[in-house]
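Peer 1: Numbering (the numbering used here), first residue to last: 73 to 616. Note that the Cβ used here is the ideal one computed from N, Cα and C, for glycine as well. Computed from a prediction, not measured in an experiment: that's the story for all the values here. Below is the structure I would like to discuss, written out as structure tokens.
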Amino acid sequence: MAHVVVLGAGVSGHTAALYLKKRLGKRHEVVVVSPNSKWNWIPSNIWVGVGRMSPSRVVFPLAPIYRRKGIGFRQAKAVTLYPEGDAESPRGAVDVVYTDPARVGRTERIRYDYLVNATGPKLNFETTPGLGPDAGNTVSVCTPSHAVDAAARLAEVIATLRAGTPQTLVVGVGHGTCTCEGAAFEYAFNVEQELRNAGVRDLAQVIYLTNEHELGDVGVGGMTFSTGRRRVTSEAWMESLFRERTMKAITQAAVTGIEPGLIHYTQIDGSENTQSFDFAMLLPPFRGVGLTAFDRDGVEITDKVFAPSGFMRVDANYEAKPYEQWTAQDWPRTYQTPSYRNVFGVGIAFAPPHAISRPYATPGDVAIAPSPPRTGMPSGAMGKIVALTIADMILTGATEPTHHGSMGEMAAACIASTGTGILSGTAAAMSMSPIVPDHARHPNTGGRDPKETTGDIGLAAHWVKRVLHTMFIYKAKAYPLWYLIPEITETRLQENPMDNAQHRIDTAPLPDARELRRRSNLFVQFVRFLRLNFTMFMPAKRHH
């Protein structure tokens, strides 16, 4: 009997565990270790954060699912790896500390034949002084409890607005190296819709604060895609949307500190700026969860297994080189660690070779460089790839990974909510192939396949996002035929920095009358809904 241990029960870890058990059956053991007792569909935290969805609709307990599927579950936090074993056994091992209330604080050493590190990130709020719920200045939507608090704080702001007092709301990222700009974008537009629904939009200033070099970068270097009728850059697309909603944007910014009611940030030109606020939701940067590693003799080898960021080294090309020499081939394909062939790192837990977007820094060397997104569809795809490889190694004796999927090869789809409601909701639907631009294969189209890099916005995209919420909760609960649902979620580079803090969107084109009529026509939106389902799912399914 082989023993496979999966660290983490997020999108990648949970996906890996389900596919492992499906392939291995009862003859082999699969154990999941997670400090959390519940699974969270994180994309829908956005709706929890504006009070439009109950937290109970985005989480469910893990133990009943694993019990039903025959998967072992330890509610515990992994702290130390022994990939070479220890003095007692040459088998790999991981030390865990239980968070289960019945065994809280107890430790255990769990042996494994194969290990999947899917621990996700540490939410590194403390990197920016004053950032995050614990500091009391800003809110977050990274967890269900954070989102509930954000909704309560937003309700207080709306009450103040109804009393006739103007308010400034800032939404964005809280550090120059943050990722998940797409989530910040979603929350900003959902907040804006809530203000309109409450009838107080005219008293509120909504500002999007980001480390992106230009709107629409979202950590992937931007996109040039087809909107059905024409080719357009993601920058122009986003600028139009911001202008349509009369929202302001501050780009090329690194938040350096927060105090009550005031955000300090610097920009690429070295200028030091401040922005006052009454409400602020700023996402934190990520780093690894802090695992340490030791060899069989007890000598620490953490630097060998993990990058300085705390993320696990895998089969990527980590050679330091300038942006102009980055290639899609630098990215990992098997997620196997180079030193230990039975250890894999997936999702946010693996160390990327470099960013996707061009990195920038201030004259004072403050990094303003979005980290590469590795959530949602890519995380699920990695979990499945590694699960199938490990299953083949166990069942067929394969000595090399049998499945692969680089972010420089796989397609992804992202549905970014810009407001909710069965008839009033909107979303921006984007697909890209590949995620990491491959300029060798697609030299004239920004490194991506123009047929599979598309964008659409409107009510139909919101319907797709709502369907995805239901589908992936169903899949994660491992209901019948769960495995038929594919793992799916969610360039133009500006050479010279802007010379002011405010991103100019006042000249961006607004949607014409024809487009506005199409957005309000339910039949047209239903047709778009059907087309979006095809364009969102098919590229990702092919690349699996």
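Three or more beta-carbon pairs under 8 angstroms between the region 311 to 327 and the region 432 to 449, yes or no?
Peer 2: Yes: at least three Cβ pairs fall under 8 angstroms.
Peer 1: From what residue to what residue does the beta strand (DSSP E) around residue 417 run?
Peer 2: Locating residue 417 in the sequence shown gives position 345, counting from the first residue. It spans 415 to 417 - the beta strand (DSSP E) in which residue 417 sits, taken as one unbroken run.
Peer 1: Determine the burial state of residue 67: buried for a count of at least 16 other Cβ atoms within 10 Å of its Cβ, exposed for fewer.
Peer 2: Outside the shown range of the chain (73 to 616) lies residue 67, about which nothing can therefore be said.
Peer 1: Taking the beta strand (DSSP E) that residue 504 belongs to, which residues open and close that run?
Peer 2: On the sequence shown, position 432 is the one that residue 504 refers to. 498 to 504 is the extent of the beta strand (DSSP E) around residue 504.
Peer 1: Is the number of C-beta pairs between the region 333 to 350 and the region 421 to 429 that are closer than 8 angstroms three or more?
Peer 2: The answer is no - the region 421 to 429 does not touch the region 333 to 350, with fewer than three Cβ pairs under 8 angstroms.
Peer 1: Skipping 5 residues on each side, what residues in its chain have a beta carbon closer than 7 angstroms to that of residue 111?
Peer 2: Taking the sequence shown and counting its residues from 1, one reaches residue 111 at position 39. Counting only Cβ-Cβ distances below 7 angstroms, and skipping sequence neighbours, we find 81, 86, 131, 132, 134 and 548.
Peer 1: Whose C-beta lies closer than 6 angstroms to the C-beta of residue 266 among residues of the same chain, with five residues either side of it excluded?
Peer 2: The residue given as residue 266 occupies position 194 in the sequence shown. Closer than 6 angstroms at the Cβ level, and outside the excluded window around residue 266, lie 122.
Peer 1: In angstroms with no decimal places, state the Cα-to-Cα distance between residue 467 and residue 418.
Peer 2: Locating residue 467 in the sequence shown gives position 395, counting from the first residue. Locating residue 418 in the sequence shown gives position 346, counting from the first residue. About 21 angstroms.
Peer 1: What's the gap between the Cα of residue 362 and the Cα of residue 416?
Peer 2: Position 290 of the sequence shown, counted from the start, is the residue given in the question as residue 362. Position 344 of the sequence shown, counted from the start, is the residue given in the question as residue 416. Distance between the alpha carbons of residue 362 and residue 416 is about 17 angstroms.
Peer 1: Starting from residue 91, follow the alpha helix (DSSP H) in both directions and report where the run begins and ends.
Peer 2: If you number the sequence shown from 1, residue 91 lands on position 19. That run of the alpha helix (DSSP H) goes 83 to 96.
Peer 1: Starting from residue 462, follow the beta strand (DSSP E) in both directions and report where the run begins and ends.
Peer 2: Here the question's residue 462 lines up with position 390 in the sequence shown. Run containing residue 462: none in the beta strand (DSSP E); it sits in the alpha helix (DSSP H), 449 to 468.
Peer 1: So which of 277, 281, 270 and 258 has the shortest CA-CA distance to residue 248?
Peer 2: On the sequence shown, position 176 is the one that residue 248 refers to. That would be 281, whose Cα lies nearest to the Cα of residue 248.
Peer 1: Would you kindly work out how many angstroms separate the C-alpha atoms of residue 269 and residue 178, rounded to a whole number?
Peer 2: Translated into positions along the sequence shown, residue 269 becomes position 197. Translated into positions along the sequence shown, residue 178 becomes position 106. So the alpha carbons of these two residues sit roughly 49 angstroms apart.
Peer 1: Among 306, 365, 341 and 279, which has the Cα closest to the Cα of residue 349?
Peer 2: Position 277 of the sequence shown holds residue 349. For residue 349, the nearest C-alpha among the options comes from 279.
Peer 1: Output the distance between the C-alpha atoms of residue 471 and residue 100, rounded to the nearest integer angstrom.
Peer 2: As a working mapping, residue 471 is identified with position 399 in the sequence shown. As a working mapping, residue 100 is identified with position 28 in the sequence shown. Cα to Cα, the separation comes out at about 18 angstroms.
Peer 1: I think residue 219 touches residue 213, with their Cβ atoms under 8 angstroms apart; what is that distance to the nearest whole Å?
Peer 2: If you number the sequence shown from 1, residue 219 lands on position 147. If you number the sequence shown from 1, residue 213 lands on position 141. Rounded, the Cβ-Cβ distance is 4 angstroms, consistent with contact.
Peer 1: Taking 9 angstroms as the cut-off, decide whether the C-beta atoms of residue 397 and residue 473 are in contact.
Peer 2: On the sequence shown, residue 397 is found 325 positions in, with the first residue counted as 1. On the sequence shown, residue 473 is found 401 positions in, with the first residue counted as 1. No; because the gap between Cβ atoms is not below 9 angstroms, this pair is not in contact.
Peer 1: In this structure, does DSSP put residue 197 in helix, strand or coil?
Peer 2: For the purposes of this step, residue 197 is taken as residue 125 along the sequence shown, with counting starting at 1. Three-state DSSP puts residue 197 in a helix.
Peer 1: Can you check which of these residues, 433, 316 and 118, is closest to residue 252 by C-alpha distance?
Peer 2: Here residue 252 corresponds to residue number 180 of the sequence shown, with the count starting at 1. For the residues 433, 316 and 118, the minimum Cα distance to residue 252 belongs to 118.
Peer 1: Which residue or residues does DSSP assign as beta-bridge partners of residue 133?
Peer 2: As a position in the sequence shown, residue 133 is number 61, starting the count at 1. Answer is 110, bridged to residue 133.
Peer 1: Which of helix, strand or coil does DSSP assign to residue 303?
Peer 2: The residue labelled residue 303 in the question sits at position 231 within the sequence shown. Residue 303: strand per DSSP, three-state reduction.
Peer 1: Cβ atoms of residue 147 and residue 109: under 9 angstroms apart, would you say?
Peer 2: Here the question's residue 109 lines up with position 37 in the sequence shown. Here the question's residue 147 lines up with position 75 in the sequence shown. Contact flag set, yes.
Peer 1: Taking the straight line between their C-alpha atoms, what separation do you get for residue 165 and residue 173?
Peer 2: Numbered from 1 along the sequence shown, position 93 holds the residue referred to as residue 165. Numbered from 1 along the sequence shown, position 101 holds the residue referred to as residue 173. For residue 165 and residue 173, the distance between alpha carbons rounds to 24 angstroms.
Peer 1: Per the DSSP calculation, residue 186 is bridged to which residue(s)?
Peer 2: Position 114 of the sequence shown holds residue 186. Its beta-bridge partners are 76.
Peer 1: Starting from residue 491, follow its DSSP beta bridges and name the residues at the other end.
Peer 2: Along the sequence shown, read from residue 1 onward, the residue named residue 491 stands at position 419. DSSP, once it has assigned bridges, lists 498 as partnering residue 491.
Peer 1: Three or more C-beta pairs under 8 angstroms: does that hold for the region 376 to 387 against the region 482 to 502?
Peer 2: No, the region 376 to 387 does not touch the region 482 to 502.
Peer 1: On the DSSP letters alone, give me the boundaries of the alpha helix (DSSP H) that residue 226 sits inside.
Peer 2: Your numbering for residue 226 matches position 154 in the sequence shown. 216 to 234 is the extent of the alpha helix (DSSP H) around residue 226.
Peer 1: Going by the DSSP bridge assignment, what does residue 336 pair with across the sheet?
Peer 2: Mapped onto the sequence shown, residue 336 falls at position 264. Paired residue(s): 329 and 346.
Peer 1: Can you check DSSP and say which residues form a bridge with residue 324?
Peer 2: Locating residue 324 in the sequence shown gives position 252, counting from the first residue. DSSP, once it has assigned bridges, lists no residue as partnering residue 324.
Peer 1: Quick one: which unbroken beta strand (DSSP E) runs of 3-plus residues sit fully inside the region 504 to 562? Chain order, please.
Peer 2: Within the region 504 to 562, the complete beta strand (DSSP E) runs of at least 3 residues are 526 to 530.
Peer 1: If you count every other CB in all the chains shown that lies within 10 Å of the CB of residue 310, and 16 or more means buried, which is it?
Peer 2: Working through the sequence shown from its first residue, we reach residue 310 at position 238. The residue is buried, with at least 16 neighbouring Cβ atoms inside 10 Å.
Peer 1: Since residue 165 is in the alpha helix (DSSP H), which residue starts that stretch and which ends it?
Peer 2: Taking the first residue of the sequence shown as position 1, residue 165 is located at position 93. Element bounds for residue 165: not the alpha helix (DSSP H) but the beta strand (DSSP E), 164 to 170.
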